[in-house]
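A short worksheet on the structure shown next.
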Amino acid sequence: MYPIVLGAAQAAQVEVIVTGDKDLLVLANFEGIEILSPQGFLDCYLFQE
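Counting the sequence shown from 1 gives a position; the numbering used here is that position plus 1.
What follows is the structure, given as structure tokens:
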């Protein structure tokens, strides 16, 4: 399943994958795509000053 998710994200040229999946989160980055938890996403992108 992970190759499908990562391949789709790469094909779509996304900047961030938001997931609660611990196996994906340990990657932290894939081919320049950030992999963040929902809280990590909020901290990085929504709660910026």
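Each residue gets a CB set at the ideal place from its N, CA and C atoms; glycine is no exception.
Residue i, buried or exposed, once every other Cβ within 10 Å from all chains shown has been counted against 16
i	result
residue 5	exposed
residue 47	exposed
residue 43	exposed
For residue i, the three-state DSSP class (helix, strand or coil)
i	result
residue 123	Lying outside 2 to 50, the shown extent of the chain, residue 123 is not represented and no answer is given.
residue 6	helix
residue 31	strand
Integer-rounded CB distance, given that residue j should sit under 8 angstroms from residue i
i	j	result
residue 7	residue 19	With a Cβ gap of about 14 angstroms, residue 7 and residue 19 do not count as contacting.
residue 25	residue 3	7 angstroms
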